[in-house]
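Residue numbers (my numbering): 1 to 277. We put the beta carbon where it would ideally sit given N, CA and C, even for glycine. A quick note: this is a predicted structure, and the numbers were derived from the prediction, not measured.
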């Protein structure tokens, strides 16, 4: 194992969960134990994270039905189905079954907000559609939303997220936000999303222009100059280069000069070069 302690090599075979994983007989070494420290094989840097744990699940040969659980929001009803909870009732209104569509649409506080909007926009089947069609129909809607001055689809997605966040805040922090706050937060976020999309569409694509040296006319000489100033040491220098029509270097020099600004550094080489002509 190259000096490392691998506690549970059977993790690679996670589908075979009918046997108990091996347990260490002694306390595992400290994370400061150098080459003998514990490590997590599913992460390139050997550090455990929830993201890498789920990523290791995703690489297993799951069936399509079994794989769906990774993408499912954990309502109380889902907790009971997976046998990780015993109470399927709604955390907010105590309805018998807390499904996703109940949290987002049918729970009385959510329904009251939606009902005011549905009457205004005349969405007849809003409370009748099944979950998948309900979400798809609203995120593809093209009519405007008066509250946000943008499309209904963006506002719906924002409201969708903040209703779920409201429920999670209550479950994990025992803080229940009032619906007016949830509504106004959704409106603000929706406006921000629209502003970002609008600015991206208006972004001007600038053509890049290559700046290069151009030869002078026959019989002429070009003088190119540049300067630099160090902000730390306040030392500055300039340099000049003289070339003819064919690009042949006729004369070049650089020197330190006493200047105090970048503009003076850029222009300082001109008078020094003219002294040589």
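*Those residues which DSSP pairs with residue 246 across a bridge*: Taking the chain shown and counting its residues from 1, one reaches residue 246 at position 246. DSSP, once it has assigned bridges, lists no residue as partnering residue 246.
_So for residue 150, helix, strand or coil by DSSP?_
Position 150 of the chain shown, counted from the start, is the residue given in the question as residue 150. Strand.
*What do you reckon, is the C-beta of residue 55 under 7 Å from a heavy atom of the ligand PLP?*
Judged by which ligands are present, the structure shown has none, so any question about the ligand PLP falls away.
*Among residues of its own chain, excluding the 5 on either side of residue 93, which ones have a beta-carbon nearer than 7 Å to its beta-carbon?*
For the purposes of this step, residue 93 is identified with residue 93 of the chain shown, where counting begins at 1. Hits under 7 Å: 107, 108.
*With DSSP run on the structure shown, which of helix, strand or coil describes residue 126?*
Against the chain shown, residue 126 aligns to sequence position 126. Residue state, collapsed to three classes: coil.
*Just the C-alpha distance for residue 277 and residue 255, rounded to the nearest angstrom, thanks.*
Numbered from 1 along the chain shown, position 277 holds the residue referred to as residue 277. Numbered from 1 along the chain shown, position 255 holds the residue referred to as residue 255. Straight-line Cα distance between these residues: approximately 17 Å.
*asked:* Pairs of beta-carbons, one from the stretch 168-180 and one from the stretch 133-150, closer than 8 Å: are there three or more?
replied: Contact fails: fewer than three Cβ-Cβ distances are below 8 Å.
*Express the C-alpha separation of residue 250 and residue 208 in angstroms, rounding to a whole number.*
Stepping through the chain shown from its first residue, residue 208 is reached at position 208. Stepping through the chain shown from its first residue, residue 250 is reached at position 250. Approximately 31 Å, taken between the alpha carbons.
*Given that a residue counts as buried once 16 or more other Cβ atoms are within 10 Å of its Cβ, and exposed if not, what is residue 72?*
Within the chain shown, the letter at position 72 stands for residue 72. Under this definition residue 72 is an exposed residue.
*Across which residues does DSSP place residue 238 in a beta bridge pair?*
If you number the chain shown from 1, residue 238 lands on position 238. The partner list for residue 238 (beta bridge, DSSP) reads 227, 255.
*Comparing the C-beta of residue 238 with each C-beta of chain D, is any distance below 8 Å?*
The chain inventory of the structure shown lacks chain D, comprising one protein chain alone.
*Between which two residues does the alpha helix (DSSP H) carrying residue 273 extend?*
For this step, residue 273 is matched to residue 273 along the chain shown. 262-274 is the span of the alpha helix (DSSP H), which, as asked, contains residue 273.
*Specify the secondary structure class of residue 144 as computed by DSSP and reduced to three states.*
The count along the chain shown starts at 1 and reaches residue 144 at position 144. Correct three-state label for residue 144: strand.
_Between the CA atoms of residue 87 and residue 37 - distance to the nearest angstrom_ = For the purposes of this step, residue 37 is identified with residue 37 of the chain shown, where counting begins at 1. For the purposes of this step, residue 87 is identified with residue 87 of the chain shown, where counting begins at 1. In this model, residue 37 and residue 87 are separated by some 40 Å (Cα to Cα).
*Is the Cβ-Cβ distance between residue 177 and residue 191 less than 8 Å?*
The count along the chain shown starts at 1 and reaches residue 177 at position 177. The count along the chain shown starts at 1 and reaches residue 191 at position 191. At a Cβ-Cβ threshold of 8 Å, residue 177 and residue 191 do not count as neighbours.
*Simplified DSSP state of residue 182, which is helix, strand or coil*: To locate residue 182, count along the chain shown from 1; it is residue 182. Residue state, collapsed to three classes: helix.
*Alpha carbon to alpha carbon, how far is residue 44 from residue 180?*
Taking the first residue of the chain shown as 1, we reach residue 44 at position 44. Taking the first residue of the chain shown as 1, we reach residue 180 at position 180. CA-CA distance, residue 44 to residue 180, rounds to 45 Å.
*Please list, in chain order, all residues of the same chain as residue 269 whose beta carbon is under 8 Å from its beta carbon, the five residues on each side excluded.*
Stepping through the chain shown from its first residue, residue 269 is reached at position 269. The answer, listed in chain order, is 225, 226, 227, 238, 239, 240.
*So residue 163 packs on residue 182, CB below 8 Å; how close in whole Å?*
The count along the chain shown starts at 1 and reaches residue 163 at position 163. The count along the chain shown starts at 1 and reaches residue 182 at position 182. Yes, residue 163 and residue 182 are in contact; Cβ-Cβ is about 7 Å, under 8 Å.
*Ignore the nearest five residues each way along the sequence and tell me which others in residue 243's own chain have a CB closer than 6 Å to its CB.*
Position 243 of the chain shown, counting from 1, holds the residue named residue 243. Within the same chain, Cβ atoms closer than 6 Å to the Cβ of residue 243 are found at 222, 249, the five residues on either side in sequence being excluded.
*Close beta carbons around residue 271, own chain, < 6 Å, minus the five adjacent residues each side*: As a first step, residue 271 must be located in the chain shown, where it is residue number 271. Within the same chain, residue 271 has no close Cβ partners at all.
*Measure the C-alpha to C-alpha separation of residue 194 and residue 169 and round it to an integer number of angstroms.*
In the chain shown, counting from the first residue as 1, residue 194 sits at position 194. In the chain shown, counting from the first residue as 1, residue 169 sits at position 169. When rounded, the distance between both Cα atoms is 26 Å.
*Closer than 7 Å by C-beta to residue 47: which residues in its own chain qualify, once you throw out the five before and the five after it? Chain order, please.*
Locating residue 47 in the chain shown gives position 47, where the first residue counts as 1. Excluding its 5 nearest sequence neighbours in each direction, residue 47 has C-beta neighbours in its own chain below 7 Å: 40, listed in chain order.
*Going by DSSP, which residues form a beta bridge with residue 99?*
Residue 99 sits at position 99 when you count from the first residue of the chain shown. Paired residue(s): none; residue 99 is not in a bridge.
*What first and last residue would you give for the alpha helix (DSSP H) that runs through residue 83?*
Indexing the chain shown from 1 puts residue 83 at position 83. That residue, residue 83, is in no alpha helix (DSSP H); it is neither H nor E in DSSP.
*Sorted by chain position, which residues of the same chain lie with C-beta nearer than 8 Å to residue 218's C-beta, five sequence neighbours on each side aside?*
Against the chain shown, residue 218 aligns to sequence position 218. The beta carbon of residue 218 sits closer than 8 Å to the beta carbons of 245 from its chain, once the five residues preceding and following it are set aside; these are given in chain order.
*Over the uninterrupted alpha helix (DSSP H) stretch that includes residue 131, give me the two end residues.*
Your numbering for residue 131 matches position 131 in the chain shown. Counting along the chain, the alpha helix (DSSP H) containing residue 131 begins and ends at 131-139.
_Tell me the DSSP secondary structure of residue 222 in three-state form._
Walking along the chain shown from the start, residue 222 turns up at place 222. Residue 222: strand per DSSP, three-state reduction.
*Buried or exposed: which applies to residue 97, given that a residue is buried once 16 or more other Cβ atoms fall within 10 Å of its Cβ?*
Here residue 97 is taken as the residue at index 97 of the chain shown, counted from 1. By the neighbour-count criterion, in which 16 or more other beta carbons inside 10 Å mark a residue as buried, residue 97 falls on the exposed side.
*So, using beta-carbon positions, are residue 133 and residue 105 closer together than 8 Å?*
The count along the chain shown starts at 1 and reaches residue 133 at position 133. The count along the chain shown starts at 1 and reaches residue 105 at position 105. Taking 8 Å as the Cβ cut-off, residue 133 and residue 105 do not qualify as a contacting pair.
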